[in-house]
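Student: So the sequence lines, in the order shown, correspond to chains A and B.
Heads up: the first sequence begins at 2 in the numbering used here, then just goes up one per residue.
Heads up: the second sequence begins at 14 in the numbering used here, then just goes up one per residue.
Dropping the structure in here first, questions after.
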Amino acid sequence: MISRAFLFVIVALYTAFAAGPFLWVATMSLRTTSEISLDHYAWPEKLHWDKFPQAWFNSNYSVYFQNSTLVVISAVIVLTVVGAMAAHCFARYRFRINRLLYFVIFSAIIFPPQITIIALFQILVDYGLYNSLLGLTLVYIAVQLPLTVYILESFFARIPADLFDAARIDGYAEWDIFWKVSLPIAMPAIATTVILNTILLWNEFLYAVVLITDEAKRTLPLGIQRFMGDQLEDVGMIATGLMIAIIPVVIIYIFFSEKLIQGMTAGAVK
Amino acid sequence: MEAAPGRRPLPLISSVQRQPWGAIIAFLLPAFTIYTAFTAYPVVRTLWNSFHTVLPKNEEFVGLDNYAALAQDEIFRRAVGNTFIWACASPLAEISIALLLALALFAKIPGMRFFRVAWFTPVLMSYVVVGIIWVWIYNYDWGAANAILRALGLERWVQAWIGNPKIALPSLILVTTWMWTGFNMVVLLAALHSLPSEVIEAAELDNCGWGAKLWHIIIPLVKPTLLNLLVLSFIGKMKIFDLVWITTKGGPLWSTETASTYTYKRAFEWTTFDLGYPSTIAAVWFVIVLAAVLALTWLFRQRDRLEY
């Protein structure tokens, strides 16, 4: 019984440690900076919901949101189709250089971003894609491709080959086998990669900070950084800005927590 | 997958199995086009850059000059050291705490689903958001870290957590630990749940203590997962950039400079405008990361072989 109570204390302490910072920011997002400076840890007495529209309209948040949404959605769509095609091919066809090609793509997972980022900057400048959302989208597709192929390949590989043989005898063409047999079966894995890529790209900062400088092209993480710089000591307003950035992720999380956890942990369990 | 052809009952079907090269190429072409244009080509170009001085509109071959300069670069050495400390300390901290938490939940604490979801949350936030929150937590006057110490009467521990060169790096390592422990915990919990229950029940019957059960039964059984998580966490920390950039920009006095922040500074912040030298940093760091990951994988394979 004592050990059980001890366990519970540890679990409670860790929960406070893990969730406390969010709770703190949430309370500050509903208080004005003058209230906060009196006591940083008081519960909000009057809920200043009006700070949310203020933060939204006093900055370019709507632009940042639009840019992030556009980049993430287009990158994820292309990633899913291109990644699934490659993964299907690696899992389905036995040809001599299959494993070599797979390894070439897979190994890019461990590349540190520096090894590509300086040259990507030069290349995008050369092709007039620097400071453009299209350029950033293309880079994002390339960055997430290895992980997407890896997760999908391991799923496709578990689809029994007999299914494909049957489809082939029924006269399905290769493309139809992919589109009408593989993809529908792989929907759970596809959903996992979609959610995972959405979150990772929504939060991405390094490539964006190098490849985007134009205020009108900033994505959300760049926008938050900018917002923080603009508001300086206005802690209350920054807290509201942070909450605006946190809320979409939390909404996705509420609806897809199981899928998301699966996606983030895919491959880590052997 | 390799065994599949042997299982195929009808030789008739496998004789039809000519490889449809047209389809294979069509399936792989989009992926490899993107890979070549935005991963392979940039890598090659960075390596090429590293032997040149690359100014806007002017490139000059300088041979190994950049590499010679890098060998003398004190800040780079500092950055490599910091990144390695981070990449070695983090996995140990994250995974040992995560294992204890996973065991706590595995012992059927009520409300397990809630804790699992709550602990996982930090990893979903962008480093920008996390960075700003922790700059506040570490604020000298009103940050939570100092507020808690003051409340506990530990006034002499109160300090500028990320302003003091001696403890800025550990302070930031704590932030990544906060972020990633929940992730590791969820993976370990999944691994624990997939263990055969007879083994654990047998250990319970043998009446061995908690410590012995943990060390002799549970850890060996989840070892593959533990090692995977170690490598994953190590690779992640070797890439760390965002958090440092938002909180300290590598300061104070280079105490939190990492390989990534230093490359970024040399390429895009310093007014030298030369992209050659930062490319050299990137190239050397690339080789270091590859070597470290290969060494780790090799080491873990060796130990497996020795024990079984």
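Each residue gets a CB set at the ideal place from its N, CA and C atoms; glycine is no exception.
This structure is a prediction, so every number in the text was calculated from the model and none was measured.
Mind the definition here: the segment 208-215 of chain A touches the segment 101-121 of chain A only if three or more C-beta pairs lie below 8 Å; say whether that holds.
Tutor: Contact holds: three or more Cβ-Cβ distances are below 8 Å.
Student: Any idea if Ile248 (chain B) is buried or exposed, counting beta-carbon neighbours within 10 angstroms, 16 or more meaning buried?
Tutor: With 16 or more Cβ atoms within 10 Å of its Cβ, Ile248 (chain B) is classed as buried.
Student: What's the C-alpha gap between Pro24 (chain B) and Thr81 (chain A)?
Tutor: Annotation note: pLDDT 41 at Pro24 (chain B) (below 50); position unreliable, coordinate value reported separately. Near 35 Å, if we compare the C-alpha coordinates of Thr81 (chain A) and Pro24 (chain B).
Student: Does chain A have any CB closer than 8 Å to the CB of Gln172 (chain B)?
Tutor: No, because no Cβ of chain A sits closer than 8 Å to the Cβ of Gln172 (chain B).
Student: Please list the partners that Ile108 (chain B) has in chain A, where partner means a Cβ-to-Cβ separation under 7 Å.
Tutor: Result: empty, since nearest Cβ-Cβ is about 11 Å, beyond 7 Å.
Student: Would you call Ala215 (chain B) buried or exposed, if buried means 16 or more other Cβ atoms sit within 10 Å of its Cβ?
Tutor: Ala215 (chain B) comes out exposed.
Student: Mind pulling the alpha helix (DSSP H) runs of 4 or more residues that sit fully within the segment 28-98 of chain A?
Tutor: With a minimum length of 4 residues, the continuous alpha helix (DSSP H) runs that stay inside the segment 28-98 of chain A are 34-39, 52-59 and 62-93.
Student: Return the Cβ separation of Leu125 (chain A) and Asn68 (chain A) in integer angstroms, given the expectation that the two are a contact with Cβ distance under 8 Å.
Tutor: About 16 Å; that fails the 8 Å criterion.
Student: In chain A, which residues lie less than 9 Å from Asn62 (chain B) when you measure between Cβ atoms?
Tutor: Per Cβ cutoff of 9 Å: Ile119, Ala120 and Gln123.
Student: If you reduce the DSSP assignment to three classes, tell me which class Leu288 (chain B) lands in.
Tutor: Of the three classes helix, strand and coil, the one that applies to Leu288 (chain B) here is coil, per DSSP.
Student: List the residues of chain B that Glu154 (chain A) touches, going by C-beta distances under 8 Å, in chain order.
Tutor: Ordered by position in chain B, no residue passes the 8 Å Cβ test against Glu154 (chain A), which lies about 10 Å from the chain.
Student: Anything in the segment 246-278 of chain B with a Cβ closer than 8 Å to a Cβ of chain A? List those residues in chain order, please.
Tutor: Here the close residues are Ile248, Met251, Lys252, Phe254, Asp255, Trp258, Ile259, Ala272, Ser273, Thr276 and Tyr277.
Student: Which residue's Cα is closest to the Cα of Leu205 (chain B): B:Trp191, B:Pro43, B:Lys121 and B:Val297?
Tutor: The candidate whose alpha carbon is nearest that of Leu205 (chain B) is B:Lys121.
Student: Is Glu72 (chain B) helix, strand or coil by DSSP?
Tutor: In the structure shown, Glu72 (chain B) sits in a strand (DSSP, three-state: E or B).
Student: With distances taken from CA atoms, which of B:Tyr153, B:His65, B:Tyr80 and B:Val199 is nearest Phe74 (chain B)?
Tutor: Considering only alpha carbons, the answer is B:His65.
Student: Measure the beta-carbon distance from Tyr151 (chain A) to Phe107 (chain A) and round it to whole angstroms, keeping in mind my assumption that it falls under 8 Å.
Tutor: 6 Å between Cβ atoms; contact.
Student: According to a CB-to-CB cut-off of less than 7 Å, which residues of the segment 128-140 of chain A neighbour chain B?
Tutor: Cβ contacts with chain B come from Leu139 and Val140.
Student: Identify the contact partners of Ile175 (chain A) in chain B, using a Cβ-Cβ distance below 7 Å as the criterion.
Tutor: The residue asked about is misnamed: residue 175 (chain A) is Glu in this sequence, not Ile. Within chain B, the residues near Glu175 (chain A) are Pro33 and Ala36.
Student: Restricting to Cα atoms, I'd like to know which of B:Ala160, B:Leu105, B:Pro265 and B:Ser139 is closest to Leu187 (chain B).
Tutor: It is B:Leu105.
Student: Smallest Cα separation from Glu270 (chain B): which of B:Val93, B:Ala308, B:Tyr54 and B:Gly195?
Tutor: Checking every option, the nearest Cα to that of Glu270 (chain B) belongs to B:Val93.
Student: Closer than 7 Å by C-beta to Ala158 (chain B): which residues in its own chain qualify, once you throw out the five before and the five after it? Chain order, please.
Tutor: Hits under 7 Å: Ile150, Tyr151 and Trp174.
Student: In this structure, does DSSP put Val12 (chain A) in helix, strand or coil?
Tutor: Helix, per DSSP.
Student: Going along chain B in order, which residues have a C-beta closer than 9 Å to the C-beta of Ile106 (chain A)?
Tutor: Residues of chain B passing the Cβ test: Ala44, Phe45, Tyr48 and Thr52.
Student: What in chain A is Cβ-close to Ala117 (chain B), meaning under 9 Å?
Tutor: Under the 9 Å cutoff, chain A gives Leu8, Phe9, Ile11, Val12 and Tyr15.
Student: Can you find a C-beta in chain B that's less than 8 Å from the C-beta of Leu184 (chain A)?
Tutor: By this cut-off, Leu184 (chain A) is not an interface position.
Student: Is there contact here, the segment 253-265 of chain B with the segment 167-181 of chain B, by at least three beta-carbon pairs under 8 Å?
Tutor: The answer is yes - the segment 167-181 of chain B touches the segment 253-265 of chain B, with three or more Cβ pairs under 8 Å.
Student: Note down the Cα distance separating Ala308 (chain B) from His89 (chain A), rounded to an integer number of angstroms.
Tutor: Ala308 (chain B) and His89 (chain A): Cα-Cα distance of roughly 31 Å.
Student: Give a yes or no on whether 8 Å exceeds the smallest Cβ distance from Asn68 (chain A) to chain B.
Tutor: So, not an interface residue.
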